[in-house]
Amino acid sequence: MELKVLSADDRRARVVLSDSSPAYANALRRAMIAEVPTLAIEDVIIYENTSPLYDEILAHRLGLVPIRTDLSRLNLREECSCGGEGCASCTLTLSLEAEGERMVYSHDLRSPDPEMTPMPGIPIVKLAEGQRLKLEAEAVLGRGREHAKWQAAVVGYKYYPEVEVLESCTACGDCVEVCPRGIMKLDGSRARAEEVERCILCRACVQECRENAIELRASDSRFIFTIESTGALPPLEVLRQACRCISKKAERMIALL
Amino acid sequence: MLIPVRCFSCGAVVADKYEEFRRRVEQKENPKEVLDSLGVERYCCRRMLLSQGEFMESMHAKGP
């Protein structure tokens, strides 16, 4: 099994997984979505709320805000030495105080830790003149399988496209014309596919070819993953953590057997 | 009322892009191009921004 990174920045990554199987690719996808721990607000203590939103709607909006997470410094609450009561090594307490007239944003939540801050720019509620908001929010680690607010990334994969142009190609250019992604190119006496990763397997070229000279296959051992982080962890870190989760689960399975 | 924080279908954060989206669309930019430049690719996330109705101010009128 092999992983190759096509492109990666702090929000998105494209990765090719080779020498694998559809079952493993899907396990990896599901692990990235549902098993990677991230921080999200779980409990909100509201001291004052004269905003137009009910307390529970406000708390729900706060919960969905992603918080940049440093996994090396926090424990899952149920695995923490405090026994699930909540302490500094499993809880991050944020505070918010605002008075109208203004829009309250996610970056108005003050975090005691400069490394673990809420993702900025998310509107929470708009306060009219004289309306006040004062609250404390406790963020804890959790997994996407429990609640979507802990989902670390939006992940999808597709089968790696294999485009083969046979000898019988006459370089008529019909496939070049019809390809919606523009990856078919004429190269002398034959058509050729460039940047096959962009192919969407629509088969338009196969249907258009009068000589039946194009063969299009979807590989079942190579996959292109698109990982879009919600902002809590960088996308490649999500992938790394997902691999760790899978190997931990495999170890537990062996122990059970 | 207020833009939902995340996309209902896929869970990607969309709320942080809403204010720029709205400002640029009000300046007569084509919504398709604005969504493309903001990196909102999937149609589930695009409908979140496109179909948003804003009536927070009318809530203020009835508030305390």
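In the order they appear, the protein sequences are chains V and B. Mapped onto this note's numbering, the consecutive letters of the first sequence carry residue numbers 1 to 257. Mapped onto this note's numbering, the consecutive letters of the second sequence carry residue numbers 258 to 321. The beta carbon of each residue, even a glycine, is placed where N, CA and C say it ideally should be.
In DSSP terms, what residue i is bridged to
i              : result
A40 (chain V)  : V:V140
S229 (chain V) : V:A153
T91 (chain V)  : V:V140
F223 (chain V) : V:L17, V:Y159
E48 (chain V)  : V:K134
V270 (chain B) : B:R263
P118 (chain V) : V:I67
R110 (chain V) : V:S95
Under 9 Å by beta carbon: chain V residues contacting residue i
i              : result
E203 (chain B) : With chain B running from 258 to 321 in the structure shown, residue 203 (chain B) is simply not present.
D293 (chain B) : Those within 9 Å of D293 (chain B) in chain V number zero; the least Cβ separation is about 14 Å.
Within chain B, the residues that residue i reaches when beta carbons sit closer than 7 Å
i              : result
L64 (chain V)  : V262, R263
R14 (chain V)  : In chain order: nothing, as chain B lies at least about 12 Å away.
V154 (chain V) : C267, G268, A269
R68 (chain V)  : Within 7 Å Cβ-Cβ: nothing; R68 (chain V) doesn't reach chain B, min ~13 Å.
Q207 (chain V) : By Cβ distance, chain B contributes nothing, its closest Cβ being about 25 Å from Q207 (chain V), past 7 Å.
Reduced DSSP secondary structure (H/G/I, E/B, other) of residue i
i              : result
S18 (chain V)  : strand
A218 (chain V) : strand
A27 (chain V)  : helix
M253 (chain V) : helix
V5 (chain V)   : strand
E35 (chain V)  : coil
L186 (chain V) : strand
A171 (chain V) : coil
L292 (chain B) : helix
A59 (chain V)  : helix
L236 (chain V) : helix
E97 (chain V)  : strand
Amino acids of chain B, ordered along the chain, whose beta-carbon sits closer than 9 Å to that of residue i
i              : result
K126 (chain V) : L259, M313, E314, M316, H317
A98 (chain V)  : Simply none; closest approach about 15 Å.
R61 (chain V)  : L259, P261, V262, A272
Continuous beta strand (DSSP E) stretch holding residue i: start and end
i              : result
Y105 (chain V) : 102 to 105
I124 (chain V) : 123 to 127
V196 (chain V) : From DSSP, V196 (chain V) is part of no beta strand (DSSP E); its letter is neither H nor E.
Start and end residues, alpha helix (DSSP H) containing residue i
i              : result
L166 (chain V) : Looking at the DSSP string, L166 (chain V) is not in any alpha helix (DSSP H), and its letter there is neither H nor E.
C301 (chain B) : 300 to 307
V206 (chain V) : 204 to 208
Residue i CB to nearest heavy atom of the ligand HEM below 6 Å
i             : result
E78 (chain V) : You won't find the ligand HEM in this model; it holds no ligand whatsoever.
Contacts of residue i in chain D (Cβ-Cβ under 9 Å)
i              : result
A148 (chain V) : In the displayed structure, chain D is absent; the protein chains listed are V and B.
Checklist entry - Using a Cβ cut-off of 7 Å, which residues of the stretch 225 to 243 of chain V contact any Cβ in chain B, in chain order? => result E228, T230, G231
Checklist entry - Closer than 7 Å, Cβ to any Cβ of chain B: which residues of the stretch 43 to 62 of chain V, in chain order? => result T50, P52, R61
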